[in-house]
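This report concerns only the one structure given below.
Residue numbers (our numbering): 2 to 250.
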């Protein structure tokens with residue numbers, strides 16, 4: 002059931018919280034760019050957590066899903082702050098962060114800001130620094146000039162009839178929240194899941210994160226033929242298994 006909290010800067014944040022056992026870490030699902038908490042992976046994990054008796058939190062960042070605000074007004078820093086406020090205000094004790102695509106970046110920012118609250122991390126096609134290494138790196142000179150001049154550009158979306166609005170603020174704020182340009186200590190178990198047919202997040206990004214992070218127990222599972230959605234039955238089972246493994250510590 003959707004509930005609401007007052008998030009940072011007065012943004013009204015939608016969330017769904019399932020209570021559960023206190024003797025194991027809770028699970029927090031962090032969705033992707035322009036996605037919402039009712040997507041296939043989030044719904045599947047919610048059902049799995051409920052069946053296992055695990056605490057489970059999912060939320061819509063501001064400008065996403067049922068939360069207040071316009072998507073094009075948001076940025077990585079805003080959405081990380083929304084997630085941090087939800088974890089701080091709605092959960093207690095250690096949490097396993099499950100980050101899908103952009104949610105993987107958000108999870109890494111939370112792990113950097115509040116490591117004492119993180120029991121482990123599962124990344125599903127994790128996309129840290131994608132505003133810089135994806136949007137900006139792939140833009141041509143004319144697009145970059147247009148972004149600086151007009152404050153935004155529009156890109157076709159594979160997931161919606163509406164284009165993705167990429168703003169200058171999104172790009173510039175993203176640079177303030179990069180995680181791969183500085184040490185990245187992750188002192189807990191981390192599991193990364195990545196499809197080889199992912200057209201949005203290249204396998205090279207997963208390998209770079211694996212190489213860059215300072216983590217005592219970090220593993221990357223490459224799934225041949227899986228795309229960015231990573232939502233077929235086999236992939237959903239792999240997500241369950243990864244979360245369960247990390248929860249065991």
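For every residue, glycine included, the Cβ atom is placed at its ideal position computed from N, Cα and C.
Sorted by chain position, which residues of the same chain lie with C-beta nearer than 7 angstroms to residue i's C-beta, five sequence neighbours on each side aside?
i, result
"residue 178", "77, 78, 81, 110"
"residue 50", "19, 21, 28, 57"
Quick one: what's got a C-beta closer than 6 angstroms to residue i's C-beta in the same chain, skipping five residues either side?
i, result
"residue 104", "31, 32, 33"
"residue 216", "187, 191"
"residue 170", "76"
"residue 13", "5, 69"
"residue 142", "none"
Where does residue i fall in DSSP's three states?
i, result
"residue 115", "coil"
"residue 130", "coil"
"residue 4", "strand"
"residue 210", "helix"
"residue 194", "strand"
"residue 252", "The structure shown does not extend to residue 252, since the chain is modelled only from 2 to 250, so the question has no answer here."
"residue 15", "strand"
"residue 185", "coil"
Is it right to say residue i is buried, meaning 16 or more other beta carbons lie within 10 angstroms of its own, or is it exposed?
i, result
"residue 156", "exposed"
"residue 2", "exposed"
"residue 265", "For residue 265 there is no data in the structure shown, the boundaries of the chain being 2 and 250."
"residue 131", "buried"
"residue 272", "Residue 272 is absent from the structure shown; the chain starts at 2 and stops at 250."
"residue 136", "buried"
Return yes when the Cβ of residue j is within less than 7 angstroms of the Cβ of residue i, no when it is not.
i, j, result
"residue 220", "residue 192", "yes"
"residue 185", "residue 222", "no"
"residue 133", "residue 175", "yes"
"residue 121", "residue 42", "no"
"residue 127", "residue 119", "no"
"residue 97", "residue 248", "yes"
"residue 11", "residue 86", "no"
"residue 129", "residue 202", "no"
Comparing alpha-carbon positions, which option in the options lies nearest residue i?
i, options, result
"residue 61", "53, 102, 117, 15", "15"
"residue 237", "170, 123, 165, 204", "123"
"residue 295", "54, 59, 241", "Beyond the ends of the chain as shown, which are 2 and 250, falls residue 295; an answer cannot be given."
"residue 125", "243, 63, 23", "243"
Among residues of its own chain, excluding the 5 on either side of residue i, which ones have a beta-carbon nearer than 8 angstroms to its beta-carbon?
i, result
"residue 144", "154"
Should residue i be counted as a contact of the ligand GDP given a C-beta to heavy atom distance under 6 angstroms?
i, result
"residue 212", "You won't find the ligand GDP in this model; it holds no ligand whatsoever."
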